[in-house]
Amino acid sequence: MKKQELIKHIEDLPYSKGLIVDTIKISRKGLLELVSQLDEPQKVKIPEFVADWIEYCKFTHVDLQHALIVGDVYFYNYANQKDFSKLKEFLETENNQATFARAWILGYEVEKEKRYTVVMKTTIQPLYYNVLEKNYFSRWVD
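Just so you know, the sequence shown maps onto residues 1 to 142 in full-length UniProt numbering.
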């Protein structure tokens with residue numbers, strides 16, 4: 001239920017006119033039921049590089065206005081320099097700017113990136129990427 005629908009629903013409830021304030025007779029349980037039907041804003045889904053940029057900006061006290069610009073001054077000490085062009089491209093569209101602002105204010109979920117397994121033709125073993133050691137290795141098949 002949206003906020004306007006809830007207001008209309010409350011306005012439609014029977015009430016008693018008073019000198020100063022009109023009163024509605026509704027139980028506590030009924031009131032809690034109405035409030036529980038109210039929709040919460042949904043968190044937006046953003047790519048991981050955008051989430052990293054938001055976290056960096058909040059940690060270094062860069063405000064939303066400057067975070068949307070992705071200027072050289074704020075990007076200078078950013079650890080993921082390779083993301084500069086992707087961030088600029090992402091924030092060039094107005095729709096993505098609105099998504100970025102909602103993610104900044106309401107919170108966000110990170111989109112899961114596709115994962116791939118490479119199977120070598122000669123050994124028929126999958127090739128995996130070890131994030132900790134930053135190298136590729138194959139798992140031996142029994």
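All C-beta atoms in this analysis are idealised placements derived from N, C-alpha and C, irrespective of residue type, glycine included.
Whose C-beta lies closer than 6 Å to the C-beta of residue i among residues of the same chain, with five residues either side of it excluded?
i       : result
Asp-142 : With a pLDDT of 43 at Asp-142, under the threshold of 50, the predicted position of this residue should be treated as unreliable, though the coordinate-derived value follows. Cβ within range, chain order: n/a, list empty.
Tell me the DSSP secondary structure of residue i in three-state form.
i       : result
Ser-27  : coil
Lys-114 : coil
Ile-20  : coil
Tyr-78  : coil
Tell me whether the beta-carbon of residue i lies closer than 8 Å to the beta-carbon of residue j.
i      : j      : result
Val-70 : Lys-88 : yes
Leu-34 : Leu-6  : yes
My understanding is that residue i touches residue j, with C-beta atoms under 8 Å, so please give their C-beta distance in whole angstroms.
i       : j      : result
Tyr-108 : Val-62 : Not quite, the Cβ-Cβ distance comes to about 17 Å (not below 8 Å), so this is no contact.
For residue i, which of the options has the nearest alpha-carbon?
i      : options                             : result
Gln-42 : Thr-99, Lys-121, Val-119 and Ala-79 : Thr-99
Leu-68 : Tyr-78, Lys-82, Trp-53 and Leu-34   : Trp-53
Leu-38 : Val-110, Gln-4 and Glu-48           : Gln-4
Asn-80 : Tyr-56, Thr-23 and His-66           : Tyr-56
Phe-84 : Lys-114, Val-50 and Val-119         : Val-50
Asn-96 : Ile-26, Tyr-15, Pro-47 and Ile-20   : Pro-47
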